[in-house]
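J.: I'd like to ask some things about the structure below.
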Ligand code: DGY
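Right, here's the structure in full:
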C-alpha cells in the first residue's frame, strides 16, 4: 500500500525527518523558509498530511480550495493560534499539536528571562563586552532580588505549573495564579500557590509577572497600557507565551518611562520583526523565540507529531487532537 504523503513546512531535526521517512512519503522544505499561502493550498491538494509550525499563518484564505486531499494538520508545537481551526474543520481537516514535551524547556527559558532581567545580566554583558567595566563597586548595576519575591503566573496549564515549580522550589517565591477556570486546590497546594479572582487583582501584587496563557484573538493585548499601569513601578513582565498577548507599543512606553521595572520577551507581535522602540530599551531582555529550543525537546516535538500521524492513519484518534 502507498505510504501517505506528508509535507513538513520547515526543516526538522534530522533524526525525526528520518523516522518520518520510514512511515511516510515525505516532502521536506530544504529551503527552510516559511511557505506562502499559495504553496500551502498546493500542498493541501496533493498531500494527506501537512505539518505546519508557529511561523506559518494558516488563515482562512489558505483553506479556500475545493476537496483538499489533506485530512490532518499535525502542528509542530503546542500553540496553534496561527491556524484557523474553524476553517480547517470546515475542510474536514483534523488539527493536532505537541503538548507536554516542551513544558520544562519553556519554563526554563521563562526563568532565564526572569533572572536575566532582575539581575541585569544582558546589560552587564553588554557593558563588559564594550570594554566599559571599571571593576567592582558597591553601587554598580544594582538589580532586584528574586529569591522570596512574589511571582504572578497568568495561565496555569502545563507550562505555568512548570514555571511555578521552578520559582517555588528553586527560589522560594510566593506564587499567585490567574487562570480562566478555577484551579484544583491540590494543584495550587503543590506549589504553595493562591489563585486570585482576575488579572487586575493579580498585577498590583507581583514583583514578577510571567505569561503562560494561549495566544489568539481572545488574548490579544491582554496586557495593554491600562494593565501595565496596574503593575508596580519596579515589577518585571516575562512573556514566553505568544507575542500578541502583549501590546508592544504600550510595553515600550512603560519601559522607557519606567512605569515598570523591566521585561523579558521571547515572543513578539510581528516575528521576526521587533519594534524599534523595544530594541533600544536597556531594561528589556530579548530572546529570539527559543522557548523549546533544546535538542531533546525539538526531537520530542517531532516524535509527538509522528505519534499523532501514526494514530490518525491507523484509524485511531490522535492523542493531541485540538480541533
Ligand atoms: C510552541 O510550541 O508553541 C512554541 O512557541 C514553539 O516552540
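In our numbering, the protein residues as written are 48 to 370.
Glycine is no exception: its CB is placed at the ideal position from the N, C-alpha and C atoms.
1. Check whether the Cβ atoms of residue 54 and residue 88 sit closer than 8 angstroms, and answer yes or no.
2. Give the DSSP bridge partners of residue 312, in chain order.
3. Determine contact between the region 270-288 and the region 305-320, defined as no fewer than three beta-carbon pairs at a distance below 8 angstroms.
4. With distances taken between CB atoms, is the gap from residue 306 to residue 276 smaller than 8 angstroms?
5. If you drop the 5 nearest sequence neighbours on each side, which residues of the same chain put their C-beta closer than 6 angstroms to that of residue 195?
6. From residue 261 to residue 185, what does the alpha carbon distance come to, in whole angstroms?
7. Find the nearest neighbour of residue 227 within the set 210, 204, 209, 213, judged by alpha-carbon distance.
8. Let me know the beta strand (DSSP E) ranges lying completely inside the region 105-187, each 3 residues or longer, listed in chain order.
9. How is residue 341 classed by DSSP in three states: helix, strand or coil?
10. Just reading off the alpha helix (DSSP H) that residue 74 is part of, what are its end residues?
11. Ends of the alpha helix (DSSP H) at residue 234?
12. Return the bridge partner residues of residue 258 from the DSSP annotation.
13. Nearest to residue 288 by alpha carbon, out of 90, 304, 335?
14. On the DSSP letters alone, give me the boundaries of the beta strand (DSSP E) that residue 52 sits inside.
15. Bridge partners of residue 98, per DSSP?
16. Grouping DSSP H, G and I as helix and E and B as strand, with all else coil, what is residue 275?
T.: With the structure as the only source:
1. Against the chain shown, residue 54 aligns to sequence position 7. Against the chain shown, residue 88 aligns to sequence position 41. Contact: no.
2. Translated into the one-based positions of the chain shown, residue 312 becomes position 265. Answer by DSSP bridge pairing, in chain order: 286, 333.
3. yes
4. As a first step, residue 306 must be located in the chain shown, where it is residue number 259. As a first step, residue 276 must be located in the chain shown, where it is residue number 229. Closer than 8 angstroms, so yes.
5. The residue given as residue 195 occupies position 148 in the chain shown. Only 219 meet the Cβ criterion.
6. Taking the first residue of the chain shown as position 1, residue 261 is located at position 214. Taking the first residue of the chain shown as position 1, residue 185 is located at position 138. Approximately 42 angstroms between the Cα atoms of the pair.
7. In the chain shown, counting from the first residue as 1, residue 227 sits at position 180. Ranking 210, 204, 209, 213 by Cα distance to residue 227 puts 204 first.
8. 119-121, 141-143
9. Numbered from 1 along the chain shown, position 294 holds the residue referred to as residue 341. Coil.
10. Start at 1 with the first residue of the chain shown, and residue 74 comes out as number 27. For residue 74, no alpha helix (DSSP H) encloses it; the enclosing beta strand (DSSP E) starts and ends at 72-74.
11. Numbered from its first residue, the chain shown carries residue 234 at position 187. Per DSSP, residue 234 belongs to the alpha helix (DSSP H) from 232-237.
12. Taking the chain shown and counting its residues from 1, the one referred to as residue 258 is at position 211. Answer is 201, 286, bridged to residue 258.
13. Along the chain shown, one-based indexing puts residue 288 at 241. Comparing Cα-Cα distances from residue 288 to each of 90, 304, 335, the minimum goes to 335.
14. For this step, residue 52 is matched to residue 5 along the chain shown. Note, residue 52: beta strand (DSSP E), 52-55.
15. Counted from its first residue, the chain shown places residue 98 at position 51. According to DSSP, which records beta bridges pairwise, residue 98 is partnered with 55.
16. To locate residue 275, count along the chain shown from 1; it is residue 228. Here residue 275 sits in helix by DSSP.
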